[in-house]
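Asker:
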Amino acid sequence: MKRSKNLSSLLFLFLIAFLTFLITSVEARKNHTKKSKPHKHHQGKGATSGNNTHNSHLPGPAPAPPQPQQSTIFPVLSFGAKGDGVSDDSKALVAAWEAACRVKGATVEIPSGFKFLIQPIILDGSGCMPDLVLQIDGTLLAPSKASTWPESSLFQWINFKYARNFTIQGTGIVDGQGSDWWNSSAHKRSKHTPDTKPTALRFYFSSDVTVRNIKIINSPQCHLKFDNSSWIKVNNITISSPDYSPNTDGIHLQNTQNVEIHHSTIGCGDDCVSIQTGCSNVHIHHVKCGPGHGISLGGLGKAGSVACVSNIIVNNILFQNTQSGVRIKTWPGGKGSVKNVSFSNIQVSNVGVPIVIDQNYCDNMKKHLCQNQIRGAVAISGVKYDNIIGNYSKEPIRLACSNDTPCTDVDLIDIQLKPKTGDPRSLRSDLCRNSYGKSKAPLLPSVIDYCLRRDGGQVKHIARSHEKMC
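Taking mature numbering (1 follows the signal peptide of the UniProt record, and there is no 0), I'd label the letters of the sequence shown as residues -28 to -1, 1 to 442.
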């Protein structure tokens, strides 16, 4: 009996040991399974799903090597320019321009601290990408001797053709070195040489053009010209040449529309701004003019031609030491019309004649073309002069309109002009002829009140017939 009990105890202990072994083995297998289970990988868009989990351990495709960014800055010095003011850097400028043309938003760089001698060139923008910039921080020099200019390039020095979405800007100088041209004998080096002098910067058939901040000086003739162009902005520029430099207009507009010129200083030997035929929607404001001939529309209608100018606004202008202030001038015998013109908030200081309409304009060199018997004129209508104040040196106003094409709808409002020196009572009372419109006080001198004939309804049909030509 005792032996049987001992055998039962041994069997019970064996059973306990066996159960313990089984439990330990199961727990070990569970832990091993958790440790060896692979981590899940988040699959990106387009990754393979399903049972091919072994692919997640393969290396991905090698990243593409970084592509070098194309530079948008094209310094003329990188294209062979010397910048010493003596070497001819024309080819370098053209090469930089052509390279920049192929890149959107590119800049041709004229660096500060250098002077670049440039021969007459054409910069063609017809194939250029948008937003091209010519950054002028240095100095561009024209050839100083008139005798060195090729006769094929007498109309302009730097000619921009077909420019679109283009800007000239910078702190630099464009120097036309025109003194040799101003000497009348310098240009007569050959009997075959035409009586022509070059414009410094000329834009031809261009649009969306901005010129800002630069300085243009001493051009042989016009400093900045726009021909057959549109959407032009000129801002914060300085134009300078001596008052004795002939025909050196500051800004010349011809067949050009939608123009704004503002916050600039212009002094030259001719018109600060000249507005010629084919111009419309022009706004000139916050400009200081002097020396020079003032701001002029014309001369228009030369040799019997048709001239059309409309929608011109000139306001907030300071004229100092100029021959004229705001002026409209047409050649006798011309056709077409000038209409919808406003001159307002004008300050004059030592100006010869602040307000001028001259329908018998004649260049001093062409007196034989300006005989009084020539009939007809460019019709002038809808011209307003408002708040013109200051002093004059010759006459306060001159409205010399045509006998058979009188000026109509001319308004004189708040005109206060005093003589710089002399007795105002010496003023003539015949300062105005054949001009119709209305005046509104204050008017000083009082003779201005007699400048305009009232009504003019019977002559307005003449102006309307001329407008039909435009």
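Backbone N, C-alpha and C define an ideal beta-carbon position, used for all residues, glycine too.
Everything numeric in this text was worked out from a predicted model, so none of it was measured.
Who are the Cβ neighbours of H258 in its own chain at under 6 Å, not counting the five residues just before and after it?
Answerer: Correct list, in chain order: H234, H235 and N288.
Asker: What would DSSP say about K63, mapped onto helix, strand or coil?
Answerer: Helix.
Asker: Ends of the beta strand (DSSP E) at K133?
Answerer: Where K133 is concerned, the enclosing beta strand (DSSP E) stretches over Q128 to K133.
Asker: In chain order, what residues of the same chain lie with their CB nearer than 6 Å to the CB of I108, ignoring the 5 residues before and after it?
Answerer: If we look at I108 and ignore the five residues flanking it on each side, its Cβ neighbours are I82, G142, G144 and I186.
Asker: Using alpha carbons as the reference points, say which of T302, K366, V298 and R370 lies closest to G348.
Answerer: The residue with the shortest Cα to Cα distance from G348 is T302.
Asker: Can you name, in chain order, every residue of its own chain whose Cβ lies under 7 Å from the Cβ of A372, other than the five neighbours on each side?
Answerer: Correct list, in chain order: I329, D330, Q331, N332 and R405.
Asker: Alpha carbon to alpha carbon, how far is residue 468 from A351?
Answerer: A question about residue 468 goes unanswered here, because the residues of the chain that appear run from -28 up to 442.
Asker: Can you tell me whether I(-6) is helix, strand or coil according to DSSP?
Answerer: Caution is warranted here: a pLDDT of 48 is assigned to I(-6), below 50, making its placement in the model unreliable, and the coordinate value is therefore given only provisionally. Residue state, collapsed to three classes: helix.
Asker: Tell me which residues share the same chain as E439 and place their Cβ nearer than 6 Å to its Cβ, disregarding the 5 neighbours each side in the sequence.
Answerer: For E439, where only same-chain residues beyond five positions count, the Cβ hits under 6 Å are S309.
Asker: Alpha carbon to alpha carbon, what distance is there between T210 and D381?
Answerer: Straight-line Cα distance between these residues: approximately 35 Å.
Asker: Within the same chain, show all residues whose beta-carbon is closer than 6 Å to that of K390, passing over the 5 residues directly before and after it, in chain order.
Answerer: Once the five neighbours on either side are set aside, the close Cβ partners of K390 are N363.
Asker: Cβ of S316 within 8 Å of Cβ of N283?
Answerer: No; because the gap between Cβ atoms is not below 8 Å, this pair is not in contact.
Asker: Buried or exposed for D335, going by 16 or more other Cβ atoms inside 10 Å?
Answerer: Answer is exposed; the Cβ neighbour count stays below 16.
Asker: When the distance is taken between beta carbons, is K133 closer than 8 Å to G97?
Answerer: Taking 8 Å as the Cβ cut-off, G97 and K133 qualify as a contacting pair.
Asker: Please list the terminal residues of the continuous alpha helix (DSSP H) segment that includes H433.
Answerer: Where H433 is concerned, the enclosing alpha helix (DSSP H) stretches over K432 to E439.
Asker: Once DSSP output is grouped into helix, strand and coil, what is the label at S151?
Answerer: In the structure shown, S151 sits in a helix (DSSP, three-state: H, G or I).
Asker: What number of angstroms, rounded off, separates the C-alpha of P367 from the C-alpha of K432?
Answerer: Looking at the sequence provided, one finds Glu at residue 367 rather than Pro. About 28 Å.
Asker: From Q149, C100 and H224, pick the residue whose C-alpha is nearest to that of S201; which is it?
Answerer: Checked all of Q149, C100 and H224; the closest Cα to S201 is H224.
Asker: On the three-state DSSP scale, how would you describe T5?
Answerer: Low confidence applies to T5: its pLDDT is 44, below 50, so where it sits in the model is not reliable, and the reading given next is rough at best. Note: T5 maps to helix in three-state DSSP.
Asker: Straight-line CA distance for P122 to P92?
Answerer: Roughly 8 Å separates the two Cα atoms.
Asker: Identify the residues that DSSP records as bridge partners of K243: which are they?
Answerer: Strictly speaking, residue 243 in this sequence is Asp, with Lys absent from that position. Its beta-bridge partners do not exist; DSSP assigns none.
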